[in-house]
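Novice: So that we are looking at the same thing, I have put the structure below in structure tokens.
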Amino acid sequence: MNEYLKIIRDAYVGYWNYLVQEVTHPTWHNYFYWLIGLSLAVWTLEIIFPWRKNQSIFRRDFWLDAFYMFFNYFLFSLIVYNAISNVAVNAFNDFLGLFGVKNLIAIEIQTWPKFAQLLLLLVVADFIQWNVHRMLHRVSWMWEFHKVHHSVKEMGFAAHLRFHWMETIIYKTVQYIPLAMIGFGLKDFFIVYMFTTVIGHLNHANLNLSYGPLKYILNNPKMHIWHHAKTLPDGSYGVNFGLTLSVWDYIFHTNYIPESGRDVELGFSGDEQFPEDLEHQIIYPLAQHKSENSLLNSMHQKLKQHHEEKMAH
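Count the sequence shown with our numbering and you get residues 998 to 1310, in order.
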């Protein structure tokens, strides 16, 4: 137990020092200022070349999404994620150690060229994320968390990072083992991380982009707008699940671009009752889960009571 408490303490101290270093010492590998720079660049494109010309520069929920962006990119790691993930990784490794497993690595790629390592990381991570994204739409309790992202009513770059913090835990948990089994020799995945951030920003931006033939490889605004459409094709639980790469949707036939989605209504069925403020959006999925449990317990008690009455007669 003392070992895990030390891990938690070190995680908080270490990430706080990292965050201070990020803000006070700009470098070429600085996530904080790259996020600001990329965001300003994509926002500038939105202002100069808007797809929906009647959409305000400071669109609906602009500042809410801006907060989500910095919270999910930086503050959440400080508040909880780093400590939880460090403990979970060490506990998982300790568990494997009980069976004599000391190393998860199944594929050694340290000798590969750097570009090949980065490309493999991008493809493997994105395919895992594509599958997790489908689950977020298909599994009812996961969908309650994912509703936060789909509550966006006007698309803009910062909507990319409007999502519930629980999604980070779900994505990273599912990704951990597959990526751990690949012996990536690189310590710095900065290029991949920034590339996926750019594509994610552009996917949600108010821009008329499809990338021509590259649309079959890279996700894009004209494709992703239909993922956020309020009305889905009959019998579908979602479309266009790609995060960075669109190729998975074309391979598995979840692609859907029936026409220009410039003016399509965004959201989800019943979003009129979804909270619009940060506090209630964060607690909404947890409240829904509690409500569902209360309903199930109530049904169970009624069935039990009915059974007892039947047995008594």
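The beta-carbon is built from N, C-alpha and C at its ideal position, and this holds for glycine as well.
All values reported here derive from a predicted model rather than from experimental measurement.
If the criterion is Cβ atoms closer than 8 Å, does the pair V1032 and Y1070 meet it?
Specialist: Note that residue 1032 is Leu in the sequence shown, not Val. Against a cut-off of 8 Å, the Cβ pair of Y1070 and L1032 comes out as a contact.
Novice: By the three-class DSSP mapping on this structure, what secondary structure does D1122 have?
Specialist: Asp is not the amino acid found at residue 1122; the sequence shown has Ala there. Correct three-state label for A1122: helix.
Novice: Name, in chain order, the residues that DSSP records as bridge partners for A1226.
Specialist: Answer is L1263.
Novice: Please go through the stretch 1149-1217 and give each complete alpha helix (DSSP H) segment of 4 or more residues, from N-terminal end onward.
Specialist: Listed in chain order, the complete alpha helix (DSSP H) runs (minimum 4 residues) inside the stretch 1149-1217 are 1162-1177, 1187-1201.
Novice: So, at 6 Å on beta carbons, what are the nonlocal neighbours of M1163 in its own chain, with the 5 sequence-adjacent residues on each side left out?
Specialist: Same-chain partners within the cutoff: F1142.
Novice: What residue ranges within the stretch 1009-1067 form continuous alpha helix (DSSP H) runs of no fewer than 4 residues, ordered along the chain?
Specialist: If we require 4 residues or more, the alpha helix (DSSP H) runs fully inside the stretch 1009-1067 come out as 1028-1045, 1059-1067.
Novice: So the candidates are F1187, A1155, I1167; which of them puts its Cα closest to the Cα of N1027?
Specialist: For the residues F1187, A1155, I1167, the minimum Cα distance to N1027 belongs to F1187.
Novice: Please report the straight-line C-alpha distance between W1048 and L1215, rounded to a whole angstrom.
Specialist: Near 19 Å, if we compare the C-alpha coordinates of L1215 and W1048.
Novice: Report the residue from D1062, V1020, A1155 whose alpha carbon sits nearest the alpha carbon of T1041.
Specialist: The option with the nearest alpha carbon to T1041 is A1155.
Novice: Between the stretch 1263-1272 and the stretch 1235-1254, do at least 3 Cβ pairs fall closer than 8 Å?
Specialist: Because the criterion of three Cβ pairs below 8 Å is not met, the stretch 1263-1272 and the stretch 1235-1254 do not touch.
Novice: Does DSSP put L1095 in a helix, in a strand, or in coil?
Specialist: Coil, per DSSP.
Novice: For my contact list, G1153 and E1273 are in at a C-beta cut-off of 8 Å; report their separation, rounded to the angstrom.
Specialist: Between E1273 and G1153 the Cβ distance is about 16 Å, and since that is not below 8 Å, they are no contact.
Novice: What is the C-beta distance between F1029 and V1039, in whole angstroms, given that I count them as a contact (C-beta under 8 Å)?
Specialist: Between V1039 and F1029 the Cβ distance is about 17 Å, and since that is not below 8 Å, they are no contact.
Novice: Express the C-alpha separation of P1218 and N1205 in angstroms, rounding to a whole number.
Specialist: About 7 Å.
Novice: Tell me where the alpha helix (DSSP H) around F1142 begins and ends.
Specialist: Element bounds for F1142: 1137-1147.
Novice: Could you check if A1284 is buried or exposed, using at least 16 other CB atoms within 10 Å of its CB as the buried criterion?
Specialist: Classification for A1284: exposed.
Novice: What residue does the alpha helix (DSSP H) around W1245 start on, and which one ends it?
Specialist: Start and end: 1244-1248.
Novice: Please name the residue in L1035, W1127, P1230, Y1012 whose C-alpha comes closest to that of L1072.
Specialist: The shortest C-alpha separation from L1072 is found at Y1012.
Novice: Relative to the C-alpha of I1104, which candidate in M1132, V1189, P1175 has its C-alpha closest?
Specialist: Nearest C-alpha to I1104: P1175.
Novice: Which word fits I1054, buried or exposed, when buried means at least 16 other C-beta atoms lie within 10 angstroms of its C-beta?
Specialist: Exposed is the call here.
Novice: Taking the C-alpha atoms as reference points, what is the distance between V1017 and Y1234?
Specialist: Those two C-alpha atoms are separated by around 42 Å.
Novice: Using a Cβ-Cβ cut-off of 8 Å (strictly less than) and excluding sequence neighbours within five positions of L1199, which residues of its own chain qualify?
Specialist: Within the same chain, L1199 has close Cβ partners V1039, F1154, L1206, N1217, P1218.
Novice: Give me the residue from H1225, Q1107, I1196, T1194 with the minimum Cα distance to H1146.
Specialist: Looking at the Cα atoms, H1225 is the closest of the given residues.
Novice: For a test of the three-state rule: what should DSSP assign to E1269, helix, strand or coil?
Specialist: Three-state DSSP puts E1269 in a helix.
Novice: By DSSP's criteria, E1105 is part of a beta bridge. Which residues make up the other side?
Specialist: Partner(s): G1180.
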